[in-house]
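**Q** Numbering-wise (our numbering), the sequence shown opens with residue 45 and increments by one.
C-beta: ideal position from N, C-alpha, C; glycine also.
Treat the numbers as computed from the prediction; the structure is a model and nothing was measured.
Could you have a look at this structure, given as structure tokens, before my questions?
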Amino acid sequence: GPVSNLKLDSYEEFFKERGFGIRLGYGARPALIIIDMINAFTDKDMPLGAPLEDQIEAITPLLETAHARDLPVFFSTVAYEYDDLRDAGVWGMKMKGSATLRAGTPSVEVDARLPVLPADTILKKKYASCFFGTDLVAQLNARSIDTLIITGCTTSGCVRATAVDAVQSGFRPMVVRQAVGDRSLAAHDQSLFDLDAKYADVVEVNDAVSYLQTIGDNTGN
Numbered sequence: 045g046p047v048s049n050l051k052l053d054s055y056e057e058f059f060k061e062r063g064f065g066i067r068l069g070y071g072a073r074p075a076l077i078i079i080d081m082i083n084a085f086t087d088k089d090m091p092l093g094a095p096l097e098d099q100i101e102a103i104t105p106l107l108e109t110a111h112a113r114d115l116p117v118f119f120s121t122v123a124y125e126y127d128d129l130r131d132a133g134v135w136g137m138k139m140k141g142s143a144t145l146r147a148g149t150p151s152v153e154v155d156a157r158l159p160v161l162p163a164d165t166i167l168k169k170k171y172a173s174c175f176f177g178t179d180l181v182a183q184l185n186a187r188s189i190d191t192l193i194i195t196g197c198t199t200s201g202c203v204r205a206t207a208v209d210a211v212q213s214g215f216r217p218m219v220v221r222q223a224v225g226d227r228s229l230a231a232h233d234q235s236l237f238d239l240d241a242k243y244a245d246v247v248e249v250n251d252a253v254s255y256l257q258t259i260g261d262n263t264g265n
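And the structure:
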């Protein structure tokens, strides 16, 4: 086709002309989700790890604001219970690093730089999407949530899968550009481009923090 050899920059104009990338906009009732920011992924020396210090820095004001305003916060972790990784299914065969995601070990705990409060929910999942095999839809619906502020890792994997499932489930996915990361910059950039074109709004961290500050109640009432 006429666009198959365009560079990513050139695609943006073409996609815009064809009507992709229209803004969904924030809804009225957000929840913050912090995907797989566990030691196995945030420790760059682990098989599945990557340097995610910048992402932790970007997530911090979002988490602080959500906590201050008593907004729903979800953390996800990937943890396998069985020695033979049978609960990782076929996906467990794809990456040797799956063996580092053992339930009950420090590797599957949320990075200590991101404080988890008792009111927060920890979603335990086995696959990429935070929606697959979890009760996330039911939890969001029970609190009338319409908007999911998406952060964490990896952009091309669990972040992307969660954003696609969010929009398919009727939620507005807002992917925070500075607060998501990947082992591959090329995969990160392509995923953000693709998500913004078809499935989600890619938003800036300051914008998302400002939005969260307008929601909820921090007076304790």
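Around the Cβ of residue 250, are there at least 16 other Cβ atoms within 10 angstroms (buried) or fewer (exposed)?
**A** Exposed: under 16 other Cβ atoms inside 10 Å.
**Q** Examine the Cβ distances between the stretch 156–171 and the stretch 186–200 and report whether three or more of them are shorter than 8 Å.
**A** With the cut-off at 8 Å, the stretch 156–171 and the stretch 186–200 do not touch.
**Q** Could you check the C-alpha separation between residue 121 and residue 213 for me, to the nearest Å?
**A** One C-alpha to the other measures close to 21 Å.
**Q** By how many angstroms is the C-alpha of residue 128 removed from the C-alpha of residue 100?
**A** Answer to the nearest angstrom: the Cα atoms are 32 Å apart.
**Q** If distances are taken between C-alpha atoms only, which option among 260, 211, 228 and 256 comes closest to residue 242?
**A** Selected option, being the one with the closest Cα: 211.
**Q** Expressed to the nearest angstrom, what Euclidean distance is found between the alpha-carbon atoms of residue 198 and residue 143?
**A** Cα-Cα distance, rounded: 18 Å.
**Q** So, helix, strand or coil for residue 189, using DSSP?
**A** Residue 189 falls in the coil class under three-state DSSP.
**Q** With distances taken Cα to Cα, identify the nearest neighbour of residue 73 among 216, 171, 59 and 55.
**A** If we check each option's Cα against that of residue 73, 216 comes out closest.
**Q** Does DSSP put residue 196 in a helix, a strand or coil?
**A** Residue 196 falls in the strand class under three-state DSSP.
**Q** Check each candidate in 110, 125 and 126 and name the one with the smallest Cα separation from residue 119.
**A** Answer by Cα proximity: 110.
**Q** Alpha carbon to alpha carbon, how far is residue 71 from residue 115? Give it in angstroms, no decimals.
**A** Using only the alpha carbons, I get a separation of about 14 Å.
**Q** Just checking, does the stretch 62–70 make contact with the stretch 227–245 on the three C-beta pairs under 8 Å criterion?
**A** Contact holds: three or more Cβ-Cβ distances are below 8 Å.
**Q** Alpha carbon to alpha carbon, how far is residue 256 from residue 246?
**A** Looking at the two C-alpha atoms, the distance is approximately 16 Å.
**Q** How many angstroms separate the CA atom of residue 105 from the CA atom of residue 164?
**A** Computed Cα separation, rounded: 16 Å.
**Q** According to the neighbour-count rule (16 or more other Cβ atoms, all chains shown, within 10 Å of its Cβ), is residue 98 buried or exposed?
**A** Exposed: under 16 other Cβ atoms inside 10 Å.
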